[in-house]
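Data block below; observations after.
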Amino acid sequence: MPWWGWALIVWAAVAVPLAWLVDGAIHEAMHRERPPEADPPDDPSTGA
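Residue numbering for the sequence shown is 2 to 49, as defined by the working numbering.
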């Protein structure tokens, strides 16, 4: 096998799990419950 064949195998062995972990972290962050203090309370004086 040429050198680039081994490089491709090594790249895939590193890139696929790394992409899976990054995708899982992004997915988890998108669906995480926001704490109530993250949203400022509505100010009734502004009418908003």
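In this text, a Cβ means the ideal position worked out from N, Cα and C, and glycines have one as well.
Note that the structure is predicted; figures quoted are calculated from it, not measured.
Considering just the uninterrupted stretch of the alpha helix (DSSP H) at residue i, what are its terminal residues?
i, result
"Leu31", "According to the sequence as given, residue 31 is Met; it is not Leu. Counting along the chain, the alpha helix (DSSP H) containing Met31 begins and ends at 4 to 32."
Roughly how many angstroms separate the alpha carbons of residue i and residue j, rounded to a whole number?
i, j, result
"Val15", "Gly6", "14 Å"
"Ala8", "Leu22", "21 Å"
"His32", "Gly25", "11 Å"
"Pro3", "Glu29", "40 Å"
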